[in-house]
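A.B. asks: Every position in the sequence shown, counted from 1, becomes a number in our numbering once 472 is added.
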Amino acid sequence: MEEKSYKDLSGAVWEKNLCAGCGACVAVCPADALCMDQGAGSDHPRNNGYCKAVNDGVPCGACYAVCPRVHPHAEETIGSTLSMHAAKAAFEVAGRQSGGAVTAILVNALEEGLIDAVVTVTADQWTMLPQSAVITSSEALVTGAGSRYNWWVPLLAALKEAVVTRKYRRIAIVGVPCVVQAVEQMRSSDHDLLRPYARAIRLLIGLFCTESFDYQKLMEGKLVREFSVEPWQIKKMDVKGGLEVLLKDGNAITIPLKDLADCVRPGCHACNDLTGVDADISAGSVGSPAGCTTLLVRTTTGAGFVQSALDNNRLSLAGEVDTGAIEKLAAIKIRRSHQP
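#1: Exposed or buried, ALA762, counting other C-beta atoms within 10 Å across all chains shown (16 or more means buried)?
#2: Taking all protein chains shown into account, decide if SER552 is buried (16 or more other Cβ within 10 angstroms of its Cβ) or exposed.
#3: Roughly how far, in whole angstroms, is the beta-carbon of ASN520 from the beta-carbon of CYS507, given that I think they are within contact range, below 8 Å?
#4: Using a Cβ-Cβ cut-off of 8 Å (strictly less than) and excluding sequence neighbours within five positions of LEU628, which residues of its own chain qualify?
#5: To the nearest angstrom, report how far apart ALA484 and VAL542 are at their CA atoms.
#6: Should THR747 go down as buried or exposed, given a rule of 16 or more other Cβ atoms within 10 Å for buried?
#7: For SER660, does the count of other Cβ atoms within 10 angstroms reach 16, so buried, or fall short, so exposed?
#8: In whole angstroms, what separates the C-alpha of ASP752 from that of PRO602?
#9: Note down the Cα distance separating LYS476 from CYS532, rounded to an integer number of angstroms.
#10: Please look up how many angstroms separate the CB atoms of ALA576 and ARG786, rounded, as I've assumed it's under 8 Å.
#11: Using only alpha-carbon positions, find the residue among ALA537, ALA670 and GLU716 that is nearest to ARG642.
#12: Check the C-beta distance from LEU679 over to GLY776 and give it rounded, since I have them as a contact under 8 Å.
#13: Along the chain, which unbroken stretches of the beta strand (DSSP E) at least 3 residues long are found entirely within the segment 496–572?
#14: So, using beta-carbon positions, are LEU675 and ILE587 closer together than 8 Å?
#15: Do ASN744 and GLU564 have their beta-carbon atoms positioned less than 8 Å apart in this structure?
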C-alpha cells in the first residue's frame, strides 16, 4: 500500500474546505511539522516546510490515516446504544450547559482514579477564546464546565502533550463528532504511529453538535460589531433553534441560525454525525427535560463510567429520553451534508 503524506491530505481535504479542524493530524505527526494557526485563513492546518515522507522518504502517513474526512462515515441518526438516560450532576456545576452530567462522570472518574487526565476544550473567561487543554483536577473540570460554540481550536493537538510529553496512559477525551471520528481512527487503525495514542485513550465522550462557529466571525464579526456585545459580557451560549446568548446582566439575545451561516466553519458542512456514534458515551441536551443531559451509553466501557458515577452519588438519573427529537435533528444534519 502506498504511503500517504500531508500533501495527499492537503489535496483530499484541506484544499476542498473539508477540514474539521479537530487537530488529530497535528497530534500524530512525529516530526511536529503540522500546526493550526488562529485567525483568518486557519480553516485547516499548515505544514512548516518539512515532512518525513516528502523530504526524507521515510514512510509515515499518520496524518492521512487519522483524518476523519478521508474515511467514509456511516449515516446514522442515533447509532447503537446499550442504554439511554436523562441525567444530571448530583452536585453544583455553575457553568453547566444542560445537566452537567458529563462533568459529573469525569469528576468521579478522576477522583476514583479511573483516568489520569481529560483532553477537552476550555475557554478564556474574558475573551471566550477556546483552547485545547489537558485537565487533571476535578476543580478545573467544574470551573471549566460548559459548551464552546466558537471552534477554531484543534482539540486533539493537546493529545500529544498528554500522551507524549506527560505520558498519561488513562485519558478521557471529550469532543464533538469530528473529534470522535478521529479518535475512532486511532483506535481501529493498525498504523504503528497511532497505536500509542489508541492505547492511552480509556474513555471517549462525544458531544451532540449541529455545527460549530469560527471564533472571529462569530465573536468579533457578529456579536461585537452587529450586537455591541463584548465577550466578557456573555454568561452562556446555547443552540436551541437559534443561537441564544445569555448576558451576565440578565438580558439575552437570540440569533436565527440562518443569520449565522457565514460564521459556520466550512468543514462542518461535510459532517453527517450529530451524536458522535463512535463514542463510548454521547451527550447533549436534545431529547431530555430542561436542566438534564441526554446520555447515550454505547459501550461497556461507557456503562462502567456511568455506573461508577451513579454509585458514588456524583450522577443522578432524571427521566426518559425522547429519541424522536434526536432522530429528527440528526436527519436534518445528514440531509444537509449532501447539499453542495
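For glycine and all other residues, C-beta sits at the position ideal for the given N, C-alpha and C.
C.D. replies: On the basis of the data shown:
#1: exposed
#2: exposed
#3: 7 Å
#4: CYS494, GLY495, ALA496, VAL498, ALA499, VAL591, SER604, ILE645, GLY647, VAL651, ALA654 and VAL655
#5: 7 Å
#6: buried
#7: exposed
#8: 24 Å
#9: 7 Å
#10: 5 Å
#11: ALA670
#12: Between GLY776 and LEU679 the Cβ distance is about 20 Å, and since that is not below 8 Å, they are no contact.
#13: 555–561
#14: yes
#15: no
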